[in-house]
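Protein chains in written order, with the working numbering: chain U, 509 to 611; chain B, 509 to 611. Just so it is clear, CB atoms sit at the ideal spot from N, CA and C, and this is done for glycine as well. Predicted model only: the values in this text are computed from it and were never measured. Quick notes on the structure that follows.
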């Protein structure tokens, strides 16, 4: 077995919650905090922590504004985040092809 | 997006090191500790910890014997480990299909 694809899996994206967030953002130009929290059934604290980690890695950008006098936070993938996510998904595909159990 | 596949990903298998171990074992009837350690470039301590976690989850069985007067440890997937790994790979496939970024 070639262990390379495993070693290369991006730890920031590999965590289940962040994988879910990156996947949602890969499918939309931008999403609000509320949309993500409700779709993923996460707590505010959990989503905030994941978003901060993704932002610190340069994978998402965060925009804060007001809507109806209430704070409105939206997230979107940066070009670097798109590239990292595509690389991650390609690696997963390699792993699946390489390791599909024989039935 | 359907968050279900993410939520169902088995945390025991999802960790990168354990994913590599499970993949190796899915491809062989059994492997020795040394074979796995060298193929995956892990420390003894790291591999021991992962193997214990997999054993406690009922996913691998461990057999200890002696070869040339030296302890010889081998691991193999249990039926429950095979089932869990197949389920995990099927979920990954769903996630990839569902979330492949548009080029």
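ask   = Using Cβ-Cβ distances below 9 Å, what residues of the region 515 to 529 of chain U are close to chain B?
value = 515, 517, 519, 522, 523, 524, 525, 527 and 528
request  = Return no unless some Cβ of chain C is closer than 8 Å to the Cβ of residue 531 (chain B).
outcome  = In the structure shown, chain C does not exist; the protein chains are U and B.
query = Mind pulling the chain U residues with CB within less than 8 Å of residue 601 (chain B)?
reply = 604
ask   = Got a sec: is the Cβ-Cβ distance from residue 568 (chain B) to anything in chain U below 8 Å?
value = No, no contact with chain U.
request  = Classify residue 526 (chain B) as buried or exposed, calling it buried when 16 or more other Cβ atoms lie within 10 Å of its own Cβ.
outcome  = Looking at its Cβ environment, which holds 16 or more other Cβ atoms inside 10 Å, residue 526 (chain B) is buried.
ask   = Can a CB atom of chain U be found closer than 8 Å to the CB of residue 559 (chain B)?
value = no
query = In chain order, what residues of the same chain have a beta carbon less than 7 Å from the beta carbon of residue 558 (chain B), not counting five sequence neighbours either side?
reply = The beta carbon of residue 558 (chain B) sits closer than 7 Å to the beta carbons of 525, 526 and 529 from its chain, once the five residues preceding and following it are set aside; these are given in chain order.
task = Specify whether the region 594 to 608 of chain U and the region 570 to 579 of chain U touch according to this definition: at least 3 beta carbon pairs, one from each stretch, less than 8 Å apart.
result = no
query = Can you tell me whether residue 542 (chain B) is buried or exposed, with buried defined as 16 or more other CB within 10 angstroms of its CB?
reply = exposed
query = Hey, quick one: how far does the beta strand (DSSP E) through residue 573 (chain U) stretch, first residue to last?
reply = 568 to 575
request  = Pair every Cβ in the region 588 to 604 of chain U with every Cβ in the region 589 to 601 of chain B, then say whether three or more of these pairs are closer than 8 Å.
outcome  = yes
task = Reducing DSSP to helix, strand and coil, say where residue 586 (chain B) ends up.
result = Looking at residue 586 (chain B) - three-state DSSP - the assignment turns out to be coil, as it is neither helix nor strand.
ask   = For residue 515 (chain B), does the count of other Cβ atoms within 10 angstroms reach 16, so buried, or fall short, so exposed?
value = exposed
Inter-residue Cα distance where the pair is residue 576 (chain B) and residue 560 (chain U) = Approximately 54 Å between the Cα atoms of the pair.
message = So, at 6 Å on beta carbons, what are the nonlocal neighbours of residue 565 (chain U) in its own chain, with the 5 sequence-adjacent residues on each side left out?
response = Same-chain partners within the cutoff: 520.
inquiry  = Need the endpoints of the alpha helix (DSSP H) that residue 517 (chain U) sits in, please.
reply    = No alpha helix (DSSP H) holds residue 517 (chain U); DSSP gives it neither H nor E.
message = So, for residue 582 (chain U): in the same chain, excluding its five sequence neighbours on each side, which residues have a beta-carbon less than 6 Å away from its beta-carbon?
response = 538, 540 and 571
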